[in-house]
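Peer 1: Take this structure first; my questions come after.
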Amino acid sequence: MDVTKGENLFQPNHLLFNAINRLHYRVWTAFGYSADATVPMEVLSAAASLATVYLVHRIALRVGAPPLMALAAAGWTAFSYGFWVYSVEADTYLLPLPAVLLAVLVLFDIRPTEWSGIRGPTVPRLIALGVLSAVAALLHQQYLFLIPIVGVSLILIWRATPGRSSGSLITTASVYGLVAVGVVFLVYCAVGLIALGQSDIAETLAWARGHASQGTWVGFSLMSFPMLLVGLVRVILGINFLASPHAAGAMAKIFPGKVLLEEHYVAAQYIGTTLFWVITAATLVAVGAIVWLTFQATRGVRATEPLSPRWTFTRFGIVYLAVYAVLILIWEPYNLEFWIGLVPILAILLVSRLVGNDGVAPASIALALALAVANFFGGVWPYSHADSDYWTDQNAGLTAIAGKTDVIVTECVYVCQGNLALSTGAHLIPASSDDTGELSAALASPSTGRLFVSSWAFDAPEGVADPETAGSSEVRSMLEGLRDRFVEVTRSGSQTIWQVMPADRP
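Count the sequence shown with our numbering and you get residues 16 to 521, in order.
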């Protein structure tokens, strides 16, 4: 993915994300901007986050929240850890959210209608709903499931509509489904067959599966359920401060075997004793406010008029949260990136349940402020520093010597690999691979670039690489046979970096 150069723009899991960022970057360059695409991508992500917060506030007002409570819901969203941190990153998780929330606003005004009775704004609204659902899915494949979620919501709206008929349901669902599915299908086919030159639709559909073709990222077990709760907590409140010396021992006992390399690094660099206790206090206030507000939301809830925005959102929100909770549970329950898309829905659903409850405004504002303090000092402020990234620190020595024509053999998690690829431009070969073709090609053409090998390729420290990548592999076996050609060229964090010298070198 190189938005700056316009190469490899179309990735199946977020088909249009890079292309849109490329267009945005080209606008910047037209006005004289000459650096790479990182800052324009971050600006676009920040703009999407601001639009999302505005739409949360607007929807909260539509469901009946008083202005102060609507503002609080916007604050809960804006200051939640995952949302806030990723809103200033050049990443894929914020850009689809405005489309999701705009679809909710359109959904409020849709009523199932017979085909013979379709006129006025009904068709444009259904088309807009389908297009918005498709746009979200094309920006991130996670939102393909928004299409059936909206479909279920339309059925629930139909069931509550006076004088309903099966024809009105078929008409409404057909128009929405054809638009949403049709746009997604046509765009994938256009990219696959035209932009990428794939041979037929079958090849395009196989390519479109993306990561799904490799199965889930972690195996499902009974531990998936508590990890689901961990993921929910992580997206609301950062845990970097728990890796500080004041809490690391307790965390090791609670989660034995869980290595928090990145969190330990951030805590050691930026969270001293004073900040630790400030973050702890703010976190306790936030947790207390969440518990109290959730309790208030379960008692004495005012009845809602059928088909009102509050009625519609409650049903949409419950279906949305249920579907994505199951998907996250199966895929990777503790990954806060998957939880980011649930934060705005959770905030609106909570504030909608608090409508009519007296005395909840102070706790709501306290929650927003506590989240702001805890997550600013525990995440946003440390991450604003260039030296706050653990993988940048560990790869610094290798980054200083490797270039675009070089090849690097290493073994570390995908975040580390992405950091290395972005900072060096070199081609990476996983040491756990059984495909030795690329390694053989690099050895056969020493004049085109150097071959570097990290000590992590043989023995990665705990937490650096996925456990299943350890053990024997064809690439490791081949490297072992080249040990006599290894020359140490630098140290990079905990790594020793060797260069594999040509066989004919004296």
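Just so you know, even glycine gets a beta-carbon here, dropped at the ideal spot from N, CA and C. Bear in mind that the values here come from a model prediction, so they are computed numbers and not experimental data.
1. Using the three-state DSSP reduction, which class does residue 17 fall into: helix, strand or coil?
2. Near residue 349, what residues of its chain come up, given a Cβ to Cβ distance below 6 Å and the 5 sequence neighbours on each side ignored?
3. I'd like the list of long-range same chain contacts for residue 203, defined as Cβ closer than 7 Å, with 5 residues on each side in sequence excluded.
4. Would you report the Cα separation of residue 190 and residue 144, rounded to the nearest angstrom?
5. Say yes only if the C-beta of residue 80 is nearer than 6 Å to one or more non-hydrogen atoms of the ligand GDP, and no if none qualify.
6. For residue 114 versus residue 147, is the C-beta distance shorter than 7 Å?
7. Within this structure, are the beta carbons of residue 279 and residue 258 separated by less than 7 Å?
8. Short of 7 Å in beta carbon distance, which residues of its chain neighbour residue 440, apart from the five on each side in sequence? Order them along the chain.
9. Would you call the segment 81 to 95 and the segment 362 to 369 touching, i.e. three or more CB-CB distances under 8 Å?
10. Which residue from 158, 124, 299 and 447 puts its Cα closest to that of residue 487?
11. Within the segment 389 to 452, note down every full alpha helix (DSSP H) run reaching 4 residues or more, in order along the chain.
12. Could you name the residues of the same chain whose beta carbon sits closer than 6 Å to that of residue 397, not counting the 5 residues immediately before and after it, in chain order?
13. Does DSSP put residue 224 in a helix, a strand or coil?
14. Compute the distance between the beta-carbons of residue 381 and residue 92, then report whether it is under 7 Å.
15. By the 10 Å Cβ neighbour count, where 16 or more other Cβ atoms means buried, how is residue 60 classified, buried or exposed?
16. For residue 501, report the span of its alpha helix (DSSP H) as first-last.
17. Using three-state DSSP, classify residue 511 as helix, strand or coil.
18. Would residue 107 and residue 32 qualify as a contact pair, given that the criterion is a beta-carbon distance under 7 Å?
19. In the DSSP output, what is residue 22 paired with across the bridge?
20. Taking the alpha-carbon positions, what's the residue 215 to residue 312 distance?
21. Would the beta-carbon of residue 408 fall within 7 Å of that of residue 478?
22. Alpha carbon to alpha carbon, how far is residue 471 from residue 193? Give it in angstroms, no decimals.
23. Taking residue 479 as part of the beta strand (DSSP E), name the residues at either end of that continuous run.
24. What is the DSSP secondary structure of residue 189, reduced to helix, strand or coil?
25. Alpha carbon to alpha carbon, what distance is there between residue 302 and residue 437?
26. Using the beta-carbon count (16 or more within 10 Å), is residue 483 buried or exposed?
27. Taking only three categories from DSSP, how would you classify residue 211?
28. Could you tell me the distance, in whole angstroms, from the CA atom of residue 111 to the CA atom of residue 151?
29. Go ahead and pull the three-state DSSP assignment for residue 455.
30. By how many angstroms is the C-alpha of residue 332 removed from the C-alpha of residue 167?
31. Provide the residue span of the alpha helix (DSSP H) that contains residue 281, from first to last.
32. Which first and last residues belong to the alpha helix (DSSP H) in which residue 492 is found?
33. Nearest to residue 496 by CA position, among 415, 506 and 516, is which residue?
34. Can you check whether the C-beta of residue 72 is within less than 7 Å of a C-beta belonging to chain C?
35. Tell me whether residue 466 sits in a helix, a strand or coil according to DSSP, three-state version.
36. According to the neighbour-count rule (16 or more other Cβ atoms, all chains shown, within 10 Å of its Cβ), is residue 124 buried or exposed?
Peer 2: On the basis of the data shown:
1. Position 2 of the sequence shown, counted from the first residue, corresponds to residue 17. Residue 17: strand per DSSP, three-state reduction.
2. Along the sequence shown, read from residue 1 onward, the residue named residue 349 stands at position 334. Hits under 6 Å: 242, 245 and 246.
3. As a first step, residue 203 must be located in the sequence shown, where it is residue number 188. Closer than 7 Å at the Cβ level, and outside the excluded window around residue 203, lie 30, 219 and 223.
4. As a working note, residue 190 is residue 175 in the sequence shown. As a working note, residue 144 is residue 129 in the sequence shown. Looking at the two C-alpha atoms, the distance is approximately 10 Å.
5. The model depicted lacks the ligand GDP and carries no ligand whatsoever.
6. Within the sequence shown, numbered from 1, the residue matching residue 114 stands at position 99. Within the sequence shown, numbered from 1, the residue matching residue 147 stands at position 132. Yes, Cβ-Cβ distance for residue 114 and residue 147 is below 7 Å.
7. Here the question's residue 279 lines up with position 264 in the sequence shown. Here the question's residue 258 lines up with position 243 in the sequence shown. A contact, by the Cβ cut-off of 7 Å.
8. For the purposes of this step, residue 440 is identified with residue 425 of the sequence shown, where counting begins at 1. Excluding positions up to five away in sequence, the list reads 418 and 419.
9. yes
10. Position 472 of the sequence shown, counted from the first residue, corresponds to residue 487. Nearest C-alpha to residue 487: 447.
11. 405 to 409, 411 to 416 and 429 to 439
12. Counting from one through the sequence shown, the residue named residue 397 turns up at place 382. Correct list, in chain order: 281, 285 and 403.
13. For the purposes of this step, residue 224 is identified with residue 209 of the sequence shown, where counting begins at 1. Three-state DSSP puts residue 224 in coil, outside helix and strand.
14. Within the sequence shown, numbered from 1, the residue matching residue 381 stands at position 366. Within the sequence shown, numbered from 1, the residue matching residue 92 stands at position 77. Contact: no.
15. As a first step, residue 60 is located in the sequence shown; it is residue number 45 there, counting from the start. Result: buried.
16. The residue given as residue 501 occupies position 486 in the sequence shown. Counting along the chain, residue 501 falls outside any alpha helix (DSSP H), though it belongs to the beta strand (DSSP E) covering 501 to 507.
17. Position 496 of the sequence shown holds residue 511. Reduced to three states, the DSSP call for residue 511 is strand.
18. Locating residue 107 in the sequence shown gives position 92, where the first residue counts as 1. Locating residue 32 in the sequence shown gives position 17, where the first residue counts as 1. Contact flag set, yes.
19. The count along the sequence shown starts at 1 and reaches residue 22 at position 7. Bridge partners of residue 22: 17.
20. For the purposes of this step, residue 215 is identified with residue 200 of the sequence shown, where counting begins at 1. For the purposes of this step, residue 312 is identified with residue 297 of the sequence shown, where counting begins at 1. Cα to Cα, residue 215 sits roughly 52 Å from residue 312.
21. Position 393 of the sequence shown, counted from the start, is the residue given in the question as residue 408. Position 463 of the sequence shown, counted from the start, is the residue given in the question as residue 478. No, the pair does not count as a contact, with Cβ atoms beyond the cut-off.
22. Stepping through the sequence shown from its first residue, residue 193 is reached at position 178. Stepping through the sequence shown from its first residue, residue 471 is reached at position 456. Their backbone Cα atoms lie some 50 Å apart in a straight line.
23. Taking the first residue of the sequence shown as position 1, residue 479 is located at position 464. From DSSP, residue 479 is part of no beta strand (DSSP E); its letter is neither H nor E.
24. Here residue 189 refers to the residue found at position 174 of the sequence shown. Residue 189 falls in the helix class under three-state DSSP.
25. On the sequence shown, residue 437 is found 422 positions in, with the first residue counted as 1. On the sequence shown, residue 302 is found 287 positions in, with the first residue counted as 1. Cα to Cα, the separation comes out at about 38 Å.
26. Locating residue 483 in the sequence shown gives position 468, counting from the first residue. Per the 10 Å Cβ criterion, exposed.
27. Taking the sequence shown and counting its residues from 1, one reaches residue 211 at position 196. Looking at residue 211 - three-state DSSP - the assignment turns out to be coil, as it is neither helix nor strand.
28. To locate residue 111, count along the sequence shown from 1; it is residue 96. To locate residue 151, count along the sequence shown from 1; it is residue 136. If I take the Cα positions, the gap works out to 5 Å.
29. Here the question's residue 455 lines up with position 440 in the sequence shown. Three-state DSSP puts residue 455 in a helix.
30. Mapped onto the sequence shown, residue 167 falls at position 152. Mapped onto the sequence shown, residue 332 falls at position 317. Rounded to the nearest angstrom, the two C-alpha atoms are 11 Å apart.
31. Counted from its first residue, the sequence shown places residue 281 at position 266. From DSSP, the alpha helix (DSSP H) with residue 281 extends over 276 to 285.
32. Locating residue 492 in the sequence shown gives position 477, counting from the first residue. Note, residue 492: alpha helix (DSSP H), 489 to 495.
33. Taking the first residue of the sequence shown as 1, we reach residue 496 at position 481. The candidate whose alpha carbon is nearest that of residue 496 is 516.
34. Here chain C cannot be found, since the structure has a single protein chain.
35. Start at 1 with the first residue of the sequence shown, and residue 466 comes out as number 451. Residue 466 falls in the strand class under three-state DSSP.
36. Residue mapping note: residue 124 aligns to position 109 of the sequence shown, counting from 1. Result: exposed.
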